[in-house]
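The block underneath contains the structure these notes are about, expressed in structure tokens.
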Amino acid sequence: MSFQGMDISASGLTAQRLRMDVISGNLANVNTTRTPEGGPYRRRMVVFEEMLQQAVDTLPFQPTRTPLSGVRVSAVVESEEPPMMVYDPQHPDANEEGYVAMPNVNSVHEMADMISASRAYEANLTAMNLSKTMTQKALSILRV
Numbered sequence: 099m100s101f102q103g104m105d106i107s108a109s110g111l112t113a114q115r116l117r118m119d120v121i122s123g124n125l126a127n128v129n130t131t132r133t134p135e136g137g138p139y140r141r142r143m144v145v146f147e148e149m150l151q152q153a154v155d156t157l158p159f160q161p162t163r164t165p166l167s168g169v170r171v172s173a174v175v176e177s178e179e180p181p182m183m184v185y186d187p188q189h190p191d192a193n194e195e196g197y198v199a200m201p202n203v204n205s206v207h208e209m210a211d212m213i214s215a216s217r218a219y220e221a222n223l224t225a226m227n228l229s230k231t232m233t234q235k236a237l238s239i240l241r242v
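For the sequence shown, my numbering assigns the number 99 to the initial residue and increments by one for each residue that follows.
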């Protein structure tokens with residue numbers, strides 16, 4: 099019996115959970131003007147890639163192919179967008195002209211990404227539960 103459907107859904111759950119963690123970090127640092135690396139916090143983004151099944155067990159009448167077997171996070175990258183410059187001469191990190199380099203994080207964009215990641219997580223969870231139900235029903239048929 100193949101559990102490929104559950105494996106694919108599990109990989110999606112893991113990837114979307116990490117995506118939500120990264121988005122949470124972006125939101126938590128929306129006002130961080132000084133980091134250990136220097137300068138303001140830079141928005142981070144998750145890059146996904148497909149995983150291909152390593153060993154393929156196919157029936158003789160099926161064409162030989164390498165099916166997908168899920169998704170994984172290939173990298174967490176920093177945005178190349180420049181920081182937002184905000185006029186605030188009283189801020190301790192203001193430059194000579196009174197401007198502060200603020201993180202390139204847009205709260206509205208991050209919240210939209212969070213909703214998207216949350217919905218993708220829910221979809222993967224639903225798919226996993228359906229796979230589990232189908233497997234249970236198949237096993238109950240075999241018991242008869």
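Glycine included, each C-beta is placed from N, C-alpha and C at the ideal position.
- Excluding its 5 nearest sequence neighbours in each direction, Met183 has C-beta neighbours in its own chain below 8 Å: Tyr197, Val198, Ala199, Met200, listed in chain order.
- Per DSSP, Tyr219 is one residue of the alpha helix (DSSP H) stretching across 205-241.
- DSSP places Gly168 in the strand class (E or B) of the three-state scheme.
- The beta-carbon separation of Arg142 and Val175, rounded to 7 Å, stays under the 8 Å limit for a contact.
- Contact check for Phe146 against Ala108 fails: the beta carbons are separated by 8 Å or more.
- Where Ala108 is concerned, the enclosing alpha helix (DSSP H) starts and stops at 102-126.
- Remark: C-beta atoms of Glu208 and Leu116 do not approach each other more closely than 8 Å.
- Taking C-alpha positions only, Ala221 is separated from Gln188 by approximately 47 Å.
- Per the C-alpha coordinates, the member of Val128, Met118, Asn127, Asn129 positioned closest to Asp211 is Met118.
- In the three-state scheme derived from DSSP, where H, G and I count as helix and E and B as strand, Glu194 is classed as coil.
- A residue is called buried when at least 16 other Cβ atoms come within 10 angstroms of its Cβ; Val169 meets this threshold and is buried.
- Following the DSSP letters along the chain, one finds Arg142 inside the beta strand (DSSP E) bounded by residues 142-150.
- If you draw a 10 Å sphere on the C-beta of Ser229, you find 16 or more other C-beta atoms in it, and that means buried.
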